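Presented below is the structure to which this report refers.
Numbering (the working numbering), first residue to last: 100 to 319.
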């Protein structure tokens with residue numbers, strides 16, 4: 100009888116792991132939290148956001164696609180490790196060079212850690228939500244996917260529409276211009292709220308209380 104019970108419990112554990120593997124993986128990922136940025140990095144983040152906003156505006160005007168991931172509390176080291184290590188200061192010129200269509204790593208994502216470009220050409224998990232906007236391509240699906248698994252901020256420039264969007268916690272918000280993008284990034288990094296006028300596009304899941312704070316929309 101004891102042998103049967105042991106086998107039964109072992110089978111139950113395996114079944115639970117299989118059924119909830121995505122939730123378990125997400126939980127383990129969120130356990131890799133780090134400490135809050137030191138003061139000097141908070142100061143330097145202003146220039147970093149300026150460079151990102153300027154680069155996205157330039158990329159948008161030329162209809163060049165881009166995917167920039169900004170690390171927050173949950174470490175993105177495992178995604179950096181599979182990319183091309185850059186370890187360089189964030190600048191408009193470097194971002195434009197990396198995402199230029201002739202660059203060998205332009206299709207991957209850039210990951211920013213500690214205010215620096217840690218790596219480029221990074222491959223990210225795609226969202227598995229079946230309700231995702233069918234018009235979204237691989238970049239947007241990757242932006243949503245990484246934001247579902249971590250607390251990272253995804254910045255996407257569409258090469259088809261030239262639209263600039265950000266994704267956090269599985270929610271995609273379209274930005275009107277570089278100034279709007281920079282404002283939202285600043286607010287997100289400082290845990291403030293985003294203006295109620297933001298346009299939410301391609302929502303892939305029910306808006307949680309946190310999303311309601313960050314991405315308030317009409318009717319909320």
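Virtual Cβ for every residue (Gly too), placed ideally from N, Cα, C.
All values derive from a computational prediction rather than experimental measurement.
Taken atom to atom, the span from the alpha-carbon of residue 164 to that of residue 185 is near 19 Å.
Its chain contains 210, 212, 217, 218 and 221 as the residues whose beta carbon lies nearer than 8 Å to that of residue 179, once the 5 sequence neighbours on both sides are disregarded; these appear in chain order.
When the beta-carbon positions are compared, residue 236 and residue 223 stay at least 8 Å from each other. Fewer than three beta-carbon pairs drawn from the stretch 224 to 234 and the stretch 188 to 205 are found closer than 8 Å, and the two stretches are therefore not classed as touching. Here residue 214 carries a coil assignment [DSSP, helix/strand/coil]. Across the structure, residue 234 and residue 177 are spaced so that their CA atoms are roughly 29 Å apart.
Between residue 263 and residue 256, the C-beta gap is smaller than 8 Å, which places the two residues in contact.
One Cα belongs to residue 166, the other to residue 147, and the distance between them is close to 16 Å.
For the options 215, 183, 190 and 187, the alpha carbon positioned closest to that of residue 203 is the one of 183. Just measuring C-alpha positions, the residue of 265, 248 and 269 sitting nearest residue 277 is 265. Distance from the CA of residue 231 to the CA of residue 238, rounded to the nearest whole angstrom, comes to 13 Å. Excluding the 5 residues flanking it on each side, residue 254 has same chain C-beta neighbours closer than 6 Å at 167 and 265, in chain order. Bounds of the beta strand (DSSP E) holding residue 165 are 165 to 169.
As summarised for the stretch 191 to 236, the continuous beta strand (DSSP E) elements at least 3 residues long and confined to that stretch are 208 to 212 and 215 to 221, given in chain order. Between residue 261 and residue 159 a beta carbon distance of about 5 Å is seen, short of the 8 Å cut, so the two are scored as contacting.
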